[in-house]
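For the sequence shown, the working numbering begins at 269 and goes up steadily by one.
We put the CB at the ideal spot given by N, CA and C, even for glycine.
As the structure is a prediction and not an experimental result, all values here were calculated from the model.
These notes are about the structure you will find just below.
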Amino acid sequence: MGYPSLNKKTRWQTPAQMVYKLDFYPQTKYEERDPLARVAFTETIPIDIFIETNLVDWSDIRARNQKIKDIMDKCDAIYVEGKLKEKYATKLEVGLVKKDGTRRWVRRSDTDVREKINKTYFEMTGIKAGCMGNIPGGEAFTTPEYIKGIFVGDVVVHVDQSYPLDEKNALVVECYDDSYKIIDGPKDIIEKINKRKNDAMKLLLEAEKNKSLPQEIIDLKKRNFERVGEFAINTNPKARLCEYLIVNEKIARMMHIALGSGFEPDRSTEYHMDIVFNAPRQKLDVFGVDKEGDKHWILKDGEFAV
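Here it is in structure tokens:
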């Protein structure tokens with residue numbers, strides 16, 4: 269049936285969504301009540317990995333995240349170009365400006381959840397949304413307006429769990445502005461991705477049949493179902509490759525892109541699958557171009573330029 273808001277303006281899928289009232293939920297702007305809790309989450313990672321990846325200088329990570337954010341905020345697009353002569357090479361254009369001229373929000377993942385209210389989002393929108401963070405943190409990320417090109421996932425992909433990838437059997441995704449297609453990769457992993465998407469669509473159709481969500485949210489989630497939802501630069505210098513996505517998507521100088529749901533309310537859908545790729549191995553150049561045509565570098569040959 270869904271969980272109606274007190275003012276009857278929307279319905280939630282779970283009680284937890286009501287409690288956290290995160291900014292990227294499409295219901296949040298219709299819910300007058302404040303969030304009731306802040307949330308920071310991790311995976312069940314071993315204690316030594318947990319300690320190593322969190323025993324960092326958070327001010328340094330925040331400063332680098334801010335530099336990356338500053339570049340993205342003054343450029344209309346970010347370009348990613350690989351130099352390896354392999355079967356597939358990463359080459360992307362990532363749009364940051366919406367059709368109405370407003371910009372996509374570039375975020376810093378600094379794992380700061382001391383407050384229940386997301387102050388930045390409140391200043392931007394006047395909406396009281398909740399705070400969320402990963403432990404460990406360490407990334408600068410955005411919901412891209414569009415992505416065009418190809419990227420080569422050669423580290424890990426998270427579907428129902430994390431699955432390792434490598435350069436000999438990478439997961440290759442081609443992006444077409446507002447959709448994507450997996451064009452190569454391990455067959456078993458592609459099958460798992462397709463199953464996850466099929467299960468997600470079944471849940472969405474079930475919600476539509478039972479009217480447990482407003483139809484406008486159902487339609488929104490359907491429109492976003494084949495989109496890319498996240499583009500991120502990883503910035504945690506203590507994160508090391510392991511079995512856990514929440515660590516691997518923070519490894520400094522690596523990058524990740526997520527298929528499915530984004531981190532803005534107009535880009536919500538029913539799944540979010542992160543694919544991590546190795547910028548140093550692929551010798552990726554990552555830079556933005558501003559309105560004057562000047563380049564602003566983030567990575568050169570896979571190494572930080574900021």
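Would you mind reading off the limits of the alpha helix (DSSP H) that contains S529?
Run containing S529: none; DSSP gives neither H nor E here.
Is M541 near V427, with beta carbons less than 8 Å apart?
Yes, these two residues count as a Cβ contact at 8 Å.
Below 8 Å on the Cβ atoms is my contact criterion, and I expect S480 with G270 to pass it. Report the Cβ-Cβ distance as a whole number of Å.
4 Å
Can you give me the C-alpha to C-alpha distance between D302 and K353, rounded to a whole angstrom?
C-alpha of D302 to C-alpha of K353: approximately 52 Å in a straight line.
Sort out for me which residues DSSP pairs E361 with in a bridge.
Y347, K416
Going by DSSP, what residue range makes up the beta strand (DSSP E) through Y288?
Y288 -> not in any beta strand (DSSP E); alpha helix (DSSP H) instead, spanning 283-288.
If you reduce the DSSP assignment to three classes, tell me which class L513 lands in.
helix
For a quick check, are the C-beta atoms of N466 and S536 less than 8 Å apart?
Contact flag unset, no.
Could you please give me the residues that DSSP links to L567 through a beta bridge?
V554, F572
Helix, strand or coil for M469? Go by DSSP, reduced to three states.
helix
Could you tell me which uninterrupted beta strand (DSSP E) segments, each at least 3 residues in length, are contained entirely in the segment 424-481, listed from first to last along the chain?
Entirely contained in the segment 424-481, the beta strand (DSSP E) runs reaching 3 residues are, in chain order, 424-426, 430-432, 439-445, 448-452.
Of the residues S377, A475, E391, which one's Cα is nearest the Cα of W326?
Considering only alpha carbons, the answer is S377.
Around the C-beta of D422, are 16 or more other C-beta atoms found within 10 angstroms, so that it is buried, or is it exposed?
buried
Return helix, strand or coil for T411, following the three-state DSSP convention.
coil
Report back the beta-carbon spacing between I501 and A408 to the nearest angstrom; my notes put them in contact at under 8 Å.
Distance from I501 to A408 at the Cβ level is roughly 5 Å; contact confirmed, criterion being Cβ atoms closer than 8 Å.
I'd like to check one pair, G363 with P412: are the Cβ atoms closer than 8 Å?
yes
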